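There are 2 protein chains.
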Amino acid sequence: MSINSAEIICVGTELLMGHTLNTNSAFLARELVSLGISSYRQIVVGDNHERLAEQIKESASRADLVILTGGLGPTTDDITMGVAASVAGKELVFDEESFQNMSEYFRRLCRNMPKSNRKQAMLPEGATILKNNNGTAPGAIFEYACPSDQDPDRVVHFVLLPGPPSEMKLMFTEQARPVLEKMSDSKFVTKFVHLFGIGESDAAERISDLIDAQTNPTIAPYAAEGECMFRVTQRIGKDEEEKDLITPIIDVMKERFGQCIYEIGTRPLKQVAYDLLLEKNKTVSFAESCTAGMVSSEFVDIPGASQVFMGSVVSYGNKVKSNLLGVSDDVLDNLGAVSRECAQEMAEGARKLLGTDIAVSITGIAGPTGESAVKPVGLVYLALADEKGTEVKEVHLSGNRSRVRHVAVLHAFNMIRMRLLHE
Amino acid sequence: MSINSAEIICVGTELLMGHTLNTNSAFLARELVSLGISSYRQIVVGDNHERLAEQIKESASRADLVILTGGLGPTTDDITMGVAASVAGKELVFDEESFQNMSEYFRRLCRNMPKSNRKQAMLPEGATILKNNNGTAPGAIFEYACPSDQDPDRVVHFVLLPGPPSEMKLMFTEQARPVLEKMSDSKFVTKFVHLFGIGESDAAERISDLIDAQTNPTIAPYAAEGECMFRVTQRIGKDEEEKDLITPIIDVMKERFGQCIYEIGTRPLKQVAYDLLLEKNKTVSFAESCTAGMVSSEFVDIPGASQVFMGSVVSYGNKVKSNLLGVSDDVLDNLGAVSRECAQEMAEGARKLLGTDIAVSITGIAGPTGESAVKPVGLVYLALADEKGTEVKEVHLSGNRSRVRHVAVLHAFNMIRMRLLHE
Chain A
1 MSINSAEIIC VGTELLMGHT LNTNSAFLAR ELVSLGISSY RQIVVGDNHE RLAEQIKESA
61 SRADLVILTG GLGPTTDDIT MGVAASVAGK ELVFDEESFQ NMSEYFRRLC RNMPKSNRKQ
121 AMLPEGATIL KNNNGTAPGA IFEYACPSDQ DPDRVVHFVL LPGPPSEMKL MFTEQARPVL
181 EKMSDSKFVT KFVHLFGIGE SDAAERISDL IDAQTNPTIA PYAAEGECMF RVTQRIGKDE
241 EEKDLITPII DVMKERFGQC IYEIGTRPLK QVAYDLLLEK NKTVSFAESC TAGMVSSEFV
301 DIPGASQVFM GSVVSYGNKV KSNLLGVSDD VLDNLGAVSR ECAQEMAEGA RKLLGTDIAV
361 SITGIAGPTG ESAVKPVGLV YLALADEKGT EVKEVHLSGN RSRVRHVAVL HAFNMIRMRL
421 LHE
Chain B
424 MSINSAEIIC VGTELLMGHT LNTNSAFLAR ELVSLGISSY RQIVVGDNHE RLAEQIKESA
484 SRADLVILTG GLGPTTDDIT MGVAASVAGK ELVFDEESFQ NMSEYFRRLC RNMPKSNRKQ
544 AMLPEGATIL KNNNGTAPGA IFEYACPSDQ DPDRVVHFVL LPGPPSEMKL MFTEQARPVL
604 EKMSDSKFVT KFVHLFGIGE SDAAERISDL IDAQTNPTIA PYAAEGECMF RVTQRIGKDE
664 EEKDLITPII DVMKERFGQC IYEIGTRPLK QVAYDLLLEK NKTVSFAESC TAGMVSSEFV
724 DIPGASQVFM GSVVSYGNKV KSNLLGVSDD VLDNLGAVSR ECAQEMAEGA RKLLGTDIAV
784 SITGIAGPTG ESAVKPVGLV YLALADEKGT EVKEVHLSGN RSRVRHVAVL HAFNMIRMRL
844 LHE
């Protein structure tokens with residue numbers, strides 16, 4: 001049995017009223033693309049029994065696969081499991097294992113499980129249960145016999161996932177996706193080429209000949225804040241030979257982009273920096289002003305960060321810059337906290353104070369206030385100090401406060417990467 | 424003629440493939456709520472003639488108002504205007520004024536207008552044209568005679584808006600909204616009650632009598648990571664008196680939830696903490712271990728943070744804890760970095776080192792590694808030190824590394840709030 005088409009239904013009044021941005025649809029849509037399943041519609045409906053049932057039937061009449069997210073919670077508002085099961089003609093039955101998992105979840109939190117949570121263990125008979133490793137509501141995969149004129153044996157698959165993105169993504173990736181992979185018709189091989197230090201339109205222009213000529217593999221550019229990425233995807237039919245068409249494309253990209261390419265794969269920039277630190281056996285610390293802990297915090301997202309990362313000083317006020325990091329009053333008074341010299345002294349001070357091989361500092365004007373005629377919003381200085389000396393970089397970043405800070409963080413990681421590449 | 428119900432259709436393959444996050448639906452949904460128009464469905468479809476026409480007809484059969492965004496561009500992919508017009512049985516006619524506006528737009532950019540843009544001036548006969556002040560594609564409002572069994576004179580309104588959010592939002596706000604306001608029947612008043620320190624199901628259970636009895640206002644619970652929220656919405660008909668039905672509900676919630684309620688309004692927890700610090704004229708610093716700068720970085724998201732925030736120490740390695748913050752070797756060796764005592768010494772050390780009125784420390788096990796039999800993943804100690812002494816809090820958080828760290832950050836802000844509330 002193969003799945004060719006899908007519809008995604010997100011259930012929730014909070015989505016319908018616009019209080020919550022729907023990020024689940026986009027995530028699932030990308031996953032479906034990578035599975036070679038075409039998705040033709042995404043729908044948001046509220047927690048209304050009649051409309052939800054109608055929508056599920058409608059989607060099931062058109063698509064082989066209907067993915068539903070949301071409405072699996074413990075309250076009376078949460079009706080998705082019940083409605084989908086009733087459309088499919090299945091009873092809800094008590095699932096002891098799911099109930100035990102929930103009890104365990106509450107025990108870990110040292111909290112009593114409210115009675116209402118028992119409802120979440122009522123699941124469709126015969127369903128494949130998807131365990132929730134990030135919350136209480138289990139998900140489910142089950143079939144709906146939905147005959148059509150062409151196919152009296154037609155079966156539609158329902159996949160029910162919880163609404164909170166952190167629960168939904170983990171459950172989909174770990175448990176639902178493997179089931180869907182087995183049902184897919186053709187397969188896709190995808191490589192991601194990640195670049196830093198070049199804009200999306202510039203990058204696309206540099207390989208416009210490849211993009212214009214694409215058939216298989218396809219090449220699609222994506223812009224993310226401060227960086228850009230190309231997805232190169234080759235489609236392989238079920239009975240086709242697996243010839244690698246991707247490597248030749250990537251070789252041309254390497255030639256054109258050089259060291260702007262920081263990764264062919266899925267590692268984010270910080271992971272590339274981390275892996276280089278680990279490989280070269282170096283420790284690192286940060287001195288952060290405008291980013292105020294964001295570099296350190298993002299770096300520590302990497303499990304095992306403690307192997308190379310010792311700590312940081314968030315020197316937001318000037319007193320912290322001088323007292324802790326030893327930035328001289330002369331620099332602060334005459335050149336200011338956002339200056340080449342301040343960045344240098346911050347990095348050198350942090351390296352000494354925290355006793356690491358490398359220290360990176362960031363000081364800049366994130367906006368919306370604080371700018372002057374000579375120091376506009378977006379001006380950021382970064383410095384990297386190590387045993388060989390200190391290198392300072394001046395960058396001009398566009399966008400609002402949050403973007404300036406975010407892109408400054410990427411520059412800090414990229415400085416580590418560039419320094420260690422040349423070791 | 425009054426409009427009671429709406430559906431929102433967003434057109435675009437980039438949405439369907441998950442390359443672009445759909446922010447238009449959420450924006451329009453909120454606008455509809457504020458206009459007293461119920462929206463029952465949001466749909467995403469691709470640039471496919473047949474499926475789009477089918478979707479428009481389907482939505483028009485159910486709703487008085489169908490808002491479409493996207494697919495108004497100059498390329499052959501952009502089919503929304505033509506398809507919607509053909510569903511409504513209207514010809515596209517050349518609109519001289521729109522054409523002039525587009526020419527003007529290109530002149531301002533010092534660029535020649537491509538021939539293909541002429542297509543964007545082809546608009547449904549008799550439509551109200553919506554000028555695009557942020558791009559080239561004009562929008563349109565027009566009627567579709569769509570008789571039903573109950574109402575042979577039934578008319579559905581189509582509103583067509585461009586896809587790029589900056590163009591769509593401006594056009595909706597300046598031009599489409601005033602038209603809809605005139606047609607709307609009732610309006611809604613909404614208040615948000617934010618809670619910290621209680622789970623969604625617990626919270627819902629505590630006011631289940633209110634939730635069960637709701638008619639007007641309606642009460643809906645929402646869960647966010649580590650916190651929860653209730654939306655209380657009152658509907659006021661056009662000719663009804665504006666009697667406040669929300670305050671009595673909120674008074675009951677205040678009674679039941681007490682200090683778990685941190686905000687009635689829209690301020691996030693960190694803003695509440697910041698406002699209290701500012702009001703009490705206190706400065707703050709942080710000593711962060713497992714959160715590694717996340718508390719500081721999130722706090723600095725608040726513009727004006729520098730008025731109360733001086734800086735922080737990210738003490739990830741034990742050496743930084745002892746050397747900078749003065750955590751004793753005795754504590755680190757015998758009780759460990761994740762202990763009540765370590766949290767206390769971190770906070771006291773940071774307060775002294777950074778010279779602030781208040782210092783908050785966080786140390787815990789974010790996972791996935793680092794746990795032991797007595798110290799499970801999710802165990803976090805926080806301490807708050809001020810002139811009156813030091814208070815330590817032990818919490819057990821569930822979820823993955825990212826969730827544990829995120830919720831620990833909220834606890835840090837909440838500790839500041841609770842301390843200053845009792846000043």
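Quick mapping for you: the protein sequence lines, in order, are chains A and B. Its first residue numbered 1, the first sequence is counted upward by one per residue in our numbering. Its first residue numbered 424, the second sequence is counted upward by one per residue in our numbering. Even for Gly, the Cβ is constructed at its ideal location relative to N, Cα and C. Model, not experiment: these values are computed from the prediction.
Nearest-angstrom Cβ-Cβ length linking residue i and residue j, presumed shorter than 8 Å
{"i": "Leu583(B)", "j": "Met525(B)", "result": "That pair is no contact at about 16 Å."}
{"i": "Ala782(B)", "j": "Arg774(B)", "result": "4 Å"}
{"i": "Thr786(B)", "j": "Ser712(B)", "result": "4 Å"}
{"i": "Ser166(A)", "j": "Gly822(B)", "result": "7 Å"}
{"i": "Pro537(B)", "j": "Gly558(B)", "result": "Wrong, their Cβ atoms sit about 14 Å apart, outside the cutoff."}
Distance CB(residue i)-CB(residue j) smaller than 8 Å
{"i": "Tyr645(B)", "j": "Glu14(A)", "result": "yes"}
{"i": "Ala728(B)", "j": "Asn22(A)", "result": "no"}
{"i": "Val189(A)", "j": "Ile249(A)", "result": "no"}
{"i": "Thr596(B)", "j": "Ser539(B)", "result": "no"}
{"i": "Val579(B)", "j": "Val489(B)", "result": "yes"}
{"i": "Ile141(A)", "j": "Leu130(A)", "result": "yes"}
{"i": "Arg401(A)", "j": "Gly355(A)", "result": "no"}
{"i": "Leu397(A)", "j": "Ala408(A)", "result": "yes"}
{"i": "Glu31(A)", "j": "Arg177(A)", "result": "yes"}
{"i": "Ile365(A)", "j": "Val374(A)", "result": "no"}
{"i": "Ser482(B)", "j": "Ile432(B)", "result": "yes"}
{"i": "Ile236(A)", "j": "Lys282(A)", "result": "no"}
Delimiting residues of the beta strand (DSSP E) encompassing residue i
{"i": "Pro124(A)", "result": "122 to 124"}
{"i": "Val783(B)", "result": "781 to 787"}
{"i": "Val516(B)", "result": "515 to 517"}
{"i": "Arg541(B)", "result": "It is not in any beta strand (DSSP E) - Arg541(B) carries neither H nor E in the DSSP assignment."}
{"i": "Lys393(A)", "result": "389 to 396"}
{"i": "Ile8(A)", "result": "5 to 11"}
{"i": "Glu686(B)", "result": "684 to 687"}
{"i": "Phe172(A)", "result": "Counting along the chain, Phe172(A) falls outside any beta strand (DSSP E), and DSSP gives it neither H nor E."}
Cut-off 7 Å between Cβ atoms - residues of its own chain near residue i, not counting five sequence neighbours on either side
{"i": "Ala374(B)", "result": "With chain B running from 424 to 846 in the structure shown, residue 374(B) is simply not present."}
{"i": "Phe619(B)", "result": "Glu650, Cys683, Tyr685, Leu692, Leu833, Asn837"}
{"i": "Gly496(B)", "result": "Ala560"}
Residue span of the alpha helix (DSSP H) that contains residue i, given as start and end
{"i": "Pro425(A)", "result": "Any property of residue 425(A) remains undetermined from this structure, which presents chain A solely from 1 to 423."}
{"i": "Ala137(A)", "result": "Where Ala137(A) is concerned, there is no enclosing alpha helix (DSSP H), given that its DSSP letter is neither H nor E."}
{"i": "Val602(B)", "result": "600 to 606"}
{"i": "Val409(A)", "result": "401 to 421"}
{"i": "Asp209(A)", "result": "208 to 213"}
{"i": "Leu488(B)", "result": "Per DSSP, Leu488(B) belongs to no alpha helix (DSSP H); it is in the beta strand (DSSP E), 488 to 492."}
{"i": "Ala483(B)", "result": "472 to 485"}
{"i": "Val428(A)", "result": "With chain A covering only 1 through 423, there is no way to say anything about residue 428(A)."}
{"i": "Ala647(B)", "result": "From DSSP, Ala647(B) is part of no alpha helix (DSSP H) but of the beta strand (DSSP E) over 641 to 647."}
Own chain, CB closer than 8 Å to residue i, minus 5 neighbours either side, in chain order
{"i": "Val743(B)", "result": "Val736, Val737"}
{"i": "His406(A)", "result": "Glu225, Gly226, Met294"}
{"i": "Leu210(A)", "result": "Ile219, Ile249, Val252, Met253"}
Cβ neighbours of residue i in the same chain (closer than 6 Å, five flanking residues each side left out)
{"i": "Lys816(B)", "result": "Leu805"}
{"i": "Leu458(B)", "result": "Leu603, Ser607"}
{"i": "Gly349(A)", "result": "Leu325, Gly326"}
{"i": "Gln175(A)", "result": "Leu130"}
Any C-beta of chain C under 8 Å from that of residue i
{"i": "Ala429(B)", "result": "Absent here is chain C; the protein component of the structure consists of chains A and B."}
**Request:** Please list the residues of the segment 533 to 545 of chain B that have a C-beta atom closer than 8 Å to any C-beta atom in chain A, keeping them in chain order.
**Result:** none
**Prompt:** What residues in the segment 13 to 35 of chain A bring their beta carbon closer than 9 Å to a beta carbon of chain B?
**Reply:** Thr13, Glu14, Leu15, Leu16, Met17, Gly18, His19, Thr20, Leu21, Asn22, Thr23, Ser25, Ala26, Phe27, Leu28, Ala29, Arg30, Glu31, Leu32, Val33
**Request:** Anything in the segment 721 to 739 of chain B with a Cβ closer than 9 Å to a Cβ of chain A? List those residues in chain order, please.
**Result:** Glu721, Phe722, Val723, Asp724, Pro726, Gly727, Ala728, Ser729, Phe732, Met733, Gly734, Ser735, Val736, Val737, Ser738, Tyr739
**Asked** Which residues, taken in chain order from the segment 791 to 805 of chain B, show a beta carbon closer than 9 Å to some beta carbon of chain A?
**Response** Pro791, Thr792, Gly793, Pro799, Val800, Gly801
**Request:** With 8 Å as the C-beta to C-beta threshold (strictly closer), list the residues of the segment 767 to 782 of chain B near chain A in chain order.
**Result:** Leu776, Leu777, Gly778
**Request:** Scan the segment 69 to 92 of chain A for residues whose Cβ lies nearer than 9 Å to a Cβ of chain B and list them as they occur along the chain.
**Result:** Gly73, Pro74, Thr75, Thr76, Asp77
**Request:** Could you name the residues of the segment 169 to 180 of chain A whose beta carbon sits closer than 8 Å to any beta carbon of chain B, in the order they occur along the chain?
**Result:** Leu170
**Prompt:** the segment 676 to 698 of chain B: which residues have C-beta closer than 8 Å to a C-beta of chain A, in chain order?
**Reply:** none
**Message:** To be precise: take each residue of the segment 457 to 484 of chain B, compare its Cβ to all Cβ atoms of chain A, and keep it if any distance is under 7 Å. Which residues remain?
**Reply:** Ser462, Tyr463, Arg464, Gln465, Ile466, Val467, Val468, Gly469, Arg474
**Item:** Short-range partners of chain B found in the segment 126 to 150 of chain A, where Cβ spacing is below 7 Å
**Value:** Asn134
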